[in-house]
Structure formats: structure tokens, C-alpha cells
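Residue numbers (mature numbering (1 follows the signal peptide of the UniProt record, and there is no 0)): -29 to -1, 1 to 259.
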Ligand SMILES: [Ca+2]
Ligand SMILES: [Ca+2]
């Protein structure tokens, strides 16, 4: 069964969540259901009928998918609907991938990389990730052995929803460089990021959803620098704000903030920042 993520647990234990009347907030709300189990799955190849791709999502740790004996082999699962994915768990056979990507897609054709493992060790790898999509793929880059890559189980966890803030107009209190503009926080690309000026003591970034939307959460993937103390607020007019989540003792990484709210604008406001750096790779606004 699924274990609680260490990151999520740490956040939950450390955070003091202030809730405005009428809103409910939790540090993470991921379902414990393996979304991949029994779903439609495809792969670049398989060694034989007994190790076809469906064996990686059958919920049975005694059966497995095994690819042909070459690099760049992949397996992809169709979750049937869009989810905000926060965890991917890989149960490798002895033939594992030493380098691989986790990608997500809305259509099964155009993929977005959300995680890269450069030093895979095989065994069970339980990964905290940030991405939304209907399809999830493990894309092998380099196999660890002369065999292919083989998974007993490929598990995916998350909550229903899409990133309604993706590629929406975004403004910020300041910008450090042209390579770190606010739009890079909502481009669904983990490799790009927004950074404020080093003199900005209360970095603030605001996403305009274009119309009033129902919002279920705001998730953040921080870079090397982050806000130990921040809040998420929503607004209908961009002037009057309602705080819907406040996090203290944050330690960076990936934060999953769940709440129920509606509004057109979503704002991340930092009360403080780690010295020198402040990097937001992704600010997701989850809605459906
Ligand atoms: Ca299996
Ligand atoms: Ca980005």
C-alpha cells in the first residue's frame, strides 16, 4: 500500500495552515488509490506475451512488463481523465533504467517532462512529482543492464483536476533576468522558472485565470531558493484579496496546497525568502 510522502508529511507536520472562514485547507489531499491500476497501457515494445505492458499496471507484484533489449524504451498509461499527479512509484525488476524521464500528456502525443532521474538504482523508487495530465509515461534513456527495462508495477497517484493556470497571463512584483520572467512559472516546464530581483523582500506572483473559476488548490515546485513563509490568496478583481492558504516553516521542494475557493486571480505572496535566491519552477492552479 501507499506510504505517505516524506516531503508531504514533513510539510504537514511543520506547517501552520491559517484558514480564512469559509475555506478549508490541507497540506496535501492526494488519494491513496493507484490511478494506473487496470488502466489502458502502451509501450514501445515487449519481450513476449507473458511480459506485455498490462503486467505493469495489474496490481500484481509478481507479474511484469519487460521491453526489448535496447535503450530508449517507454511505457505509458492512460488514466482516463486529467489528474494533478503528485507521486509516481516504480517497482523495477533487476533490469532497471539508470537514466529515465517521467512525462505527462493531455492527449497522449505531446509530452511534458516533469521529472528526470540521472542515477536510478532500481528496486522501488517512490518519486514526488508535480504535473497534470491524463497520460503518464516512463521514458527510459539508459538501461542499467544488457537486458531491456522491466517494471513489476508502475503506480501513479494524484487528485482529479487540470492546471487551469497553465500559460495564463502572469505578473510579478519584480523579475531578476529575462531568463526568469513570470510566465516561466506557469509554462508547465519544470526546467524554466521565475525569479524576483534580489532586492525584492516580498516576492509576489499573480496568475489571471481570465474568468472566475472554481479552484481546488495551488501547488508549487520551488528551486534552490524558496519562501519559508508564504500565503496563497484569491481575488475576483485583482484588488481585494482573500487568503486561502498560509504555510510557515516551508523547506522548499514541492508543496501541495489544497483548498476550496473561487476567483479569477491567484496570488503567491512571500513573507520572506531564503538568502540570495528565490526560484519558482512551477505554480500550478488546480481546478476542474
Ligand atoms: Ca505486475
Ligand atoms: Ca516552468
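Ideal placement from N, C-alpha and C gives every residue a C-beta, glycine not left out.
Status (buried if at least 16 other CB within 10 Å, exposed otherwise) for residue i
{"i": "residue 174", "result": "buried"}
{"i": "residue 44", "result": "buried"}
{"i": "residue 148", "result": "exposed"}
{"i": "residue 258", "result": "buried"}
{"i": "residue -6", "result": "Because residue -6 sits at a pLDDT of 39, beneath the cut-off of 50, its placement in the model cannot be relied upon, and the following sentence gives the value as read from the coordinates. Exposed, because fewer than 16 other Cβ atoms sit within 10 Å of the Cβ of residue -6."}
{"i": "residue 256", "result": "buried"}
{"i": "residue 19", "result": "exposed"}
{"i": "residue 210", "result": "exposed"}
{"i": "residue 4", "result": "exposed"}
{"i": "residue 208", "result": "exposed"}
{"i": "residue 260", "result": "In the structure as shown, the chain starts at -29 and stops at 259, and residue 260 therefore has no counterpart that could be examined."}
{"i": "residue 238", "result": "buried"}
{"i": "residue 204", "result": "buried"}
{"i": "residue 95", "result": "exposed"}
{"i": "residue 138", "result": "exposed"}
{"i": "residue 246", "result": "exposed"}
{"i": "residue 92", "result": "exposed"}
{"i": "residue 103", "result": "buried"}
{"i": "residue 190", "result": "buried"}
{"i": "residue 181", "result": "exposed"}
{"i": "residue 27", "result": "buried"}
Straight-line gap, residue i to residue j (C-alpha atoms, nearest Å)
{"i": "residue 230", "j": "residue 186", "result": "7 Å"}
{"i": "residue 109", "j": "residue 58", "result": "13 Å"}
{"i": "residue 194", "j": "residue 254", "result": "12 Å"}
{"i": "residue 100", "j": "residue 48", "result": "16 Å"}
{"i": "residue 165", "j": "residue 50", "result": "30 Å"}
{"i": "residue 199", "j": "residue 152", "result": "22 Å"}
{"i": "residue 142", "j": "residue 66", "result": "46 Å"}
{"i": "residue 75", "j": "residue 188", "result": "19 Å"}
{"i": "residue 178", "j": "residue 16", "result": "41 Å"}
{"i": "residue 201", "j": "residue 219", "result": "7 Å"}
{"i": "residue 85", "j": "residue 98", "result": "11 Å"}
{"i": "residue 157", "j": "residue 192", "result": "11 Å"}
{"i": "residue 70", "j": "residue 172", "result": "38 Å"}
{"i": "residue 225", "j": "residue 24", "result": "30 Å"}
{"i": "residue 114", "j": "residue 42", "result": "6 Å"}
{"i": "residue 216", "j": "residue 227", "result": "11 Å"}
{"i": "residue 118", "j": "residue 176", "result": "47 Å"}
{"i": "residue 14", "j": "residue 116", "result": "19 Å"}
{"i": "residue 196", "j": "residue 244", "result": "7 Å"}
{"i": "residue 32", "j": "residue 136", "result": "37 Å"}
{"i": "residue 276", "j": "residue 81", "result": "This structure leaves residue 276 out entirely; the chain is present only between -29 and 259."}
{"i": "residue 127", "j": "residue 7", "result": "5 Å"}
{"i": "residue 105", "j": "residue 56", "result": "9 Å"}
{"i": "residue 159", "j": "residue 111", "result": "21 Å"}
{"i": "residue 154", "j": "residue 122", "result": "37 Å"}
Simplified DSSP assignment, three categories, for residue i
{"i": "residue 240", "result": "strand"}
{"i": "residue 26", "result": "helix"}
{"i": "residue 170", "result": "coil"}
{"i": "residue 150", "result": "helix"}
{"i": "residue 11", "result": "strand"}
{"i": "residue 183", "result": "strand"}
{"i": "residue 55", "result": "strand"}
{"i": "residue 232", "result": "strand"}
{"i": "residue 155", "result": "helix"}
{"i": "residue 47", "result": "strand"}
{"i": "residue 66", "result": "coil"}
{"i": "residue 189", "result": "strand"}
{"i": "residue 34", "result": "coil"}
{"i": "residue 175", "result": "strand"}
{"i": "residue -18", "result": "Bear in mind that the predicted position of residue -18 carries a pLDDT of just 40, short of 50, making it too unreliable to give a figure here."}
*Entirely within the stretch 79 to 148 and at least 3 residues each: give me those beta strand (DSSP E) ranges in chain order.*
For secondary structure counted as the beta strand (DSSP E) over 3 or more consecutive residues, the stretch 79 to 148 holds these complete runs in sequence order: 82 to 88, 95 to 114, 121 to 131 and 141 to 143.
_In chain order, what are the residue ranges of uninterrupted alpha helix (DSSP H) at least 4 long that sit wholly in the stretch 200 to 234?_
Whole alpha helix (DSSP H) segments, 4+ residues: zero.
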